[in-house]
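S.K.: Here it is, the structure in full.
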Amino acid sequence: MKSFLFTSLIVLLCTIGIKGDEIKISHQETTFNINDFSESSKINAVKCESDNDCLSNSCVDGVCDFFFLCPENEKENCISLQSDAWKTYDITEDNDVHPEKYKPIIRSCYKEELHTNFLAKLLSPTCETEKCEKDNDCLFGSCYNSTCITETPIYKCRSKDLLCKKANFIKCSADNQCNSGHCISGFCLENEYPTIQKGVISSFLIAVAIRLGRTLFKYLYGDIKKKNAKSKPIKVEMKIEKTDKDKKED
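With positions in the sequence shown counted from 1, the corresponding number in our numbering is that position plus 1.
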């Protein structure tokens with residue numbers, strides 16, 4: 002336990018750096034994986050006297066409350082973060098933490114979410130990350146089209162309650178699977194109500210666009226038909242009736 006705490010403090014001192022407005026986040030790749038949160042262990046047994054004693058910068062009741070981001074794949078290790086950096090993974094407008102200041106980029110979008118159909122993207126928020134240029138810019142996964150993406154779902158875990166739940170924009174089937182508590186349209190999302198409101202507005206705009214498209218199509222199609230009708234030559238059939246004289250000659 003002491004060695005873990007000592008290592009955490011060393012990493013904290015070595016990895017934090019400030020360059021302008023950019024903050025080099027303090028993080029540590031641990032030996033834990035997502036399965037280690039199923040029972041009490043040294044994860045939730047590191048003693049502390051103040052927040053400064055913990056890599057997470059959070060000391061609760063004499064024990065470090067560690068914050069982790071864990072890939073669903075048990076072969077991949079969890080990353081331990083400071084509490085402020087951990088919160089930015091599911092940043093909302095209400096938070097005072099600004100993810101654009103943290104490097105490497107903490108959030109990675111789940112690859113499967115990026116491949117959802119166009120209509121689904123219109124009806125609900127889509128995942129976005131800070132702009133990346135190379136794979137090393139991302140804490141998880143790789144850099145693709147200036148976005149950090151991961152093929153493995155990410156979970157947010159805390160040592161205090163030994164609980165792991167899915168981060169935002171990860172596939173889900175129930176609210177209790179999500180750290181946000183909201184499973185909407187098959188994905189974990191931060192807030193249900195703004196999403197619904199946005200979905201209603203988007204649906205209305207889609208309906209209006211479809212209606213306008215149909216009206217425009219009918220107008221153009223009708224106009225084309227009229228032009229074609231005018232340009233066609235008019236066939237005039239002349240019927241010559243035979244007189245009685247002509248009939249006798251026949």
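All C-beta atoms, glycine included, are put in the ideal place defined by N, C-alpha and C.
None of these values were measured; they are calculated from a predicted model.
Could you tell me the alpha carbon to alpha carbon distance between Ser181 and Lys172, rounded to whole angstroms?
M.R.: So the two alpha carbons sit approximately 13 Å from each other.
S.K.: With 16 as the cutoff for other CB atoms within 10 Å, does Arg159 come out buried or exposed?
M.R.: It is buried - the Cβ of Arg159 has at least 16 other Cβ atoms within 10 Å.
S.K.: Going by the beta-carbon positions, is the gap between Ser84 and Asn58 smaller than 7 Å?
M.R.: Going by C-beta atoms, Ser84 is nearer than 7 Å to Asn58.
S.K.: On the DSSP bridge assignment, give the partners of Lys166 in chain order.
M.R.: Looking at the DSSP assignment, Lys166 forms a beta bridge with Lys157.
S.K.: My understanding is that Glu262 touches Tyr156, with C-beta atoms under 8 Å, so please give their C-beta distance in whole angstroms.
M.R.: Any property of residue 262 remains undetermined from this structure, which presents the chain solely from 2 to 251.
S.K.: State the DSSP-derived secondary structure class of Thr130, mapped to helix, strand or coil.
M.R.: Coil.
S.K.: Could you check whether Thr148 and Thr130 sit closer than 7 Å to each other, using their CB atoms as the reference points?
M.R.: Yes, they are a contact pair.
S.K.: Thinking C-beta only, is Cys79 closer than 7 Å to Phe69?
M.R.: Cβ atoms of Phe69 and Cys79: closer than 7 Å.
S.K.: Whole angstroms is fine: what's the gap from Cys110's alpha carbon to Leu56's?
M.R.: Between Cys110 and Leu56, the C-alpha separation is close to 25 Å.
S.K.: Whole angstroms is fine: what's the gap from Val47's alpha carbon to Gly63's?
M.R.: Rounded to whole angstroms, Val47 to Gly63 spans 8 Å at the Cα level.
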